[in-house]
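Asks: I have a structure here, written as structure tokens, and I will follow up with some questions on it.
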Amino acid sequence: MPSTSSSPQQQDFWDLFTAAVLAWLVPGAGHWFQGRRSKAVLFFWTITGLFVFGMVLGQGRVVYAKWHPRQERRFFFLCQVGVGLPSLPALVAARRAAANKEHLIGNLDWYMPPDRAELNQLYHTLNRRFELGTLFTAIAGLLNLLVIYDVCAGPAYGKRPPPEEQKKSSQAEPAPDKKTKKDKD
Amino acid sequence: MLELVYLLILIAAISLVYAGTRYEAIDAILVHAVKTAMWFGGALLLVHLLLYGVSLWAG
């Protein structure tokens, strides 16, 4: 585990890789791994909350994996998979559907890819909530990509970090002059 | 009216995550998130007014 509150620049490749994978699997987990606890909590609640809200709007039927040339190519899943673990059951459900098995979770149809008739029924029942649920879950996935970037590369300050954060980073790094003086002695 | 609530939730989430990727300190993140949300809301309002104007002009 890297030292607490260490900046991304101070960590080695495997720490960054682990943090990036964790950030993908669970929004905010990568930041928690790096010791950036407040941001971890912020990202977890925001992204997971958005994803769950989308799922509730769509009654669990908006996240599914389907790639059928004649029926439907579910491009939105490519965005939704950015959220990580909450969207991965869709891949398992797709395999169950291909094997003509029913239901992934108990008696719920969550994550199961609908056929054409079922999809029409969903649009009829849910109206715009199906589209809204899809949108919310897809945006949650895309936002998590920004979070993964932040884990790997740190905050995108722009030209320079704000004064208080410049001060923090200069206090964290040792002064090179003092070291060379000690070495000489 | 319910669509407005959905929009506010979306703007809030996007603003918080965007601001979170710009700063490290939570205070700076929250301040930037509010500013970003105002920008988003303002831009959407402008587009809405523009489209409303077009719809009135088109009859």
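Just so you know, the sequences run in chain order A and B. Our numbering applies: residue 3 is where the first sequence begins, and numbers increase by one. Our numbering applies: residue 15 is where the second sequence begins, and numbers increase by one. Glycine included, every Cβ here is placed at the ideal spot set by N, Cα and C. All values derive from a computational prediction rather than experimental measurement.
Please tell me whether residue 158 of chain A has its Cβ less than 7 Å away from any Cβ of chain B.
Replies: So yes, residue 158 of chain A belongs to the interface.
Asks: Looking at the unbroken alpha helix (DSSP H) that takes in residue 37 of chain B, where does it start and where does it end?
Replies: Unbroken run through residue 37 of chain B: none, as it is neither H nor E.
Asks: Classify residue 126 of chain A as buried or exposed, calling it buried when 16 or more other Cβ atoms lie within 10 Å of its own Cβ.
Replies: Around the Cβ of residue 126 of chain A, a 10 Å sphere holds fewer than 16 other Cβ atoms; the residue is exposed.
Asks: What would DSSP say about residue 81 of chain A, mapped onto helix, strand or coil?
Replies: helix
Asks: Note down, in chain order, every chain B residue with its Cβ under 9 Å from the Cβ of residue 18 of chain A.
Replies: Simply none; closest approach about 16 Å.
Asks: Which of the three DSSP states, helix, strand or coil, is assigned to residue 98 of chain A?
Replies: helix
Asks: Below 7 Å CB to CB, which residues in the same chain sit around residue 57 of chain A once its five sequence neighbours on both sides are set aside?
Replies: Around residue 57 of chain A: 64, 65, 135 and 139.
Asks: Can you round the beta-carbon distance between residue 34 of chain B and residue 28 of chain B to whole angstroms, since I take them to be within the 8 Å contact cut?
Replies: At roughly 11 Å, the Cβ-Cβ gap does not stay under 8 Å, so residue 34 of chain B and residue 28 of chain B are not in contact.
Asks: For the region 111-127 of chain A, which residues have a CB atom closer than 8 Å to at least one CB atom of chain B, in sequence order?
Replies: none
Asks: Do residue 67 of chain A and residue 96 of chain A have their beta-carbon atoms positioned less than 7 Å apart in this structure?
Replies: yes
Asks: Please list the partners that residue 45 of chain A has in chain B, where partner means a Cβ-to-Cβ separation under 8 Å.
Replies: 31 and 34
Asks: Residues of chain B with a CB under 7 Å from the CB of residue 139 of chain A: which are they?
Replies: In chain order: nothing, as chain B lies at least about 12 Å away.
Asks: For residue 145 of chain A, decide whether its Cβ has a neighbour in chain B, counting only Cβ atoms nearer than 7 Å.
Replies: yes
Asks: Buried or exposed: where does residue 123 of chain A fall if 16 or more other Cβ atoms within 10 Å of its Cβ makes it buried?
Replies: exposed
Asks: Buried or exposed: where does residue 33 of chain A fall if 16 or more other Cβ atoms within 10 Å of its Cβ makes it buried?
Replies: buried
Asks: In chain B, which residues lie less than 9 Å from residue 148 of chain A when you measure between Cβ atoms?
Replies: 31, 32, 34 and 35
Asks: Quick check: is the beta carbon of residue 68 of chain A nearer than 7 Å to any beta carbon in chain B?
Replies: no
Asks: Leaving aside the five residues before and after residue 92 of chain A along the sequence, list all residues of the same chain whose C-beta is less than 6 Å from its C-beta, in chain order.
Replies: 65, 66, 67 and 113
Asks: Out of curiosity, what's the CA-to-CA distance linking residue 133 of chain A and residue 142 of chain A?
Replies: 14 Å
Asks: Any idea what DSSP makes of residue 176 of chain A, helix, strand or coil?
Replies: Because residue 176 of chain A sits at a pLDDT of 47, beneath the cut-off of 50, its placement in the model cannot be relied upon, and the following sentence gives the value as read from the coordinates. Three-state result, residue 176 of chain A: coil.
Asks: Which one or two residues does DSSP pair with residue 107 of chain A in a beta bridge?
Replies: Answer is A:110.
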